[in-house]
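These notes are about the structure you will find just below.
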Amino acid sequence: MSRTDENIAKIRQIVHQNSQLTVRSIADQININGEIVGKILTEKFGMRKCHLDYVSGYRTVLAEKYCVIMCRLRTLRALRRPWGDAGGWDREPPPPPPPLALRSFSSEKVVPKDCSLPNPSWNKDIRLLFDQFMKKCEDGSWKRLPSYKSESSRRAQDFKTLYLGPKLSKELTSQAQLFTRSLEDGLGFEYVMFYNDVEQRVVCLFQGGPYLQGAPGFLHGGAIATMIDATVGTCALIAGGIVMTANLNINYKRPIPLCSVVVINSQLDKAEGRKFFVSCNVRSVDEKTLYSEATSLFIKLDPDKSLT
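First residue of the sequence shown: 0, per numbering that gives the first Met the number 0; consecutive thereafter.
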């Protein structure tokens, strides 16, 4: 045992025998410097400097720590009891805090989130392509198409009015969300679309998240079909108004790795009355790999005919 350990043991024994001794008297008993005794009491025993006049402060510190620990234990024990249980609080539980989404002023307008803008889950490939297309938008030749969880565009409202009716519209769509925007950021469909009016083209930059897996390590074919349908459908929608898919043919060339980025290029091939023919291909970022090709037919809906 070192000399310091011996001094600590002696001081502990003296304190427990008589807590009313001063630091000086302890130092005299064990024949060491009073400053050493004070240092040991503060550093090893947890005493406050204000307690050094009488060593009873050592016991005070222990008592304080004991009270704090017991207080915490009693609080935790009480919190674990059911409301109104014996020994618990005989009162109603406090009201829950207000949701974070609430606004302080009723007149304040809630702006919906545009899901087509970059978020932290986007990798460097889709960010680079996004920046490139945003540059193309500067001269007006291309336009970025905003996208929201709940469709609120004029076409969507017209669709509800013409084809659902007020009752169905309210009952079926009050909690509805766009399928491709129903997952949290990064888990499913991460995409943004750009439209060229002159070329009648829609380009979709798509990053498929881990919740879209089919074969291990690859995107599900249905997820790819969903994004193809969404892209060619947008192309037909811009050209013809309210349309719905009549036919979609997809040739899968190669599987798409999970969480990778692909470019879906779609173009309006021709329009015949209410029929709109759109084709597309799905390629890698460097355009060297062809993953899928598709052709589609969309029909413009007749406002005089109900869908229900």
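Where a beta carbon is used, it is the ideal one built from N, C-alpha and C, also for glycine. A quick note: this is a predicted structure, and the numbers were derived from the prediction, not measured.
Assign Arg2 to one of two classes, buried (16 or more other C-beta atoms within 10 Å of its C-beta) or exposed (fewer than that). exposed
Environment of Asn280 [buried if 16+ CB atoms lie within 10 Å]: buried
Counting along the chain, where does the beta strand (DSSP E) carrying Leu204 start and finish? 200-207
Quickly, what does DSSP pair Glu292 with across the bridge? List them, please. Asn250, Asn280
Count the other CB atoms within 10 Å of the CB of Ala293; is the residue buried (16 or more) or exposed (fewer)? buried
Between which residues of its own chain and Trp121 is the CB-CB distance below 7 Å, once the five residues before and five after are set aside? Closer than 7 Å at Cβ, skipping near neighbours: Glu189, Gln206.
Nearest-angstrom Cβ-Cβ length linking Ile255 and Tyr290, presumed shorter than 8 Å: 5 Å
Residue range of the beta strand (DSSP E) that Asn143 falls in? For clarity, residue 143 is Arg in the given sequence; the question names Asn instead. Annotation: the continuous beta strand (DSSP E) that includes Arg143 extends over 141-144.
Hey, out of Ser265, Pro117, Ser24, Arg273, whose CA is closest to Thr233's CA? Ser265
Counted within 10 angstroms of its Cβ, other Cβ atoms place Ser146 as buried (16 or more) or exposed: buried
Residues in the same chain with beta-carbon distance under 6 Å from Val201, minus the five sequence neighbours each way, listed in chain order, please. Met192, Tyr194, Thr230, Thr233, Cys234, Ser265
Apart from the five residues just before and just after Val277, which ones in its own chain have a Cβ nearer than 6 Å to its Cβ? Residues of the same chain with a CB within less than 6 Å of the CB of Val277, apart from the 5 flanking positions on each side, are Val231, Cys234, Ala235, Ser265, Leu267, Ser295 in chain order.
Minimum C-alpha distance to Ile237 - residue among Lys299, Leu257, Asn118: Lys299
Proximity below 7 Å, CB of Leu257 to CB of Leu218: yes
Taking only the alpha-carbon atoms, compute the straight-line gap between Ile125 and Ser259 and give it to the nearest angstrom. 9 Å
Does DSSP classify Ile241 as helix, strand or coil? Of the three classes helix, strand and coil, the one that applies to Ile241 here is coil, per DSSP.
Determine the burial state of Ala222: buried for a count of at least 16 other Cβ atoms within 10 Å of its Cβ, exposed for fewer. buried
Supposed close pair Lys148, Leu177 - CB separation, criterion 8 Å: By a beta-carbon distance limit of 8 Å, Lys148 contacts Leu177. Their separation comes to about 6 Å.
Does the distance from the CB of Phe297 to the CB of Val262 come in under 7 Å? With respect to the 7 Å criterion, Phe297 and Val262 are not classified as neighbours on the basis of their beta carbons.
Could you tell me the boundaries of the beta strand (DSSP E) in which Gln176 lies? Unbroken run through Gln176: none, as it is neither H nor E.
Would you report the Cα separation of Glu137 and Gln199, rounded to the nearest angstrom? 18 Å
Residue(s) in a DSSP beta bridge with Glu271: Glu271 pairs with Lys274.
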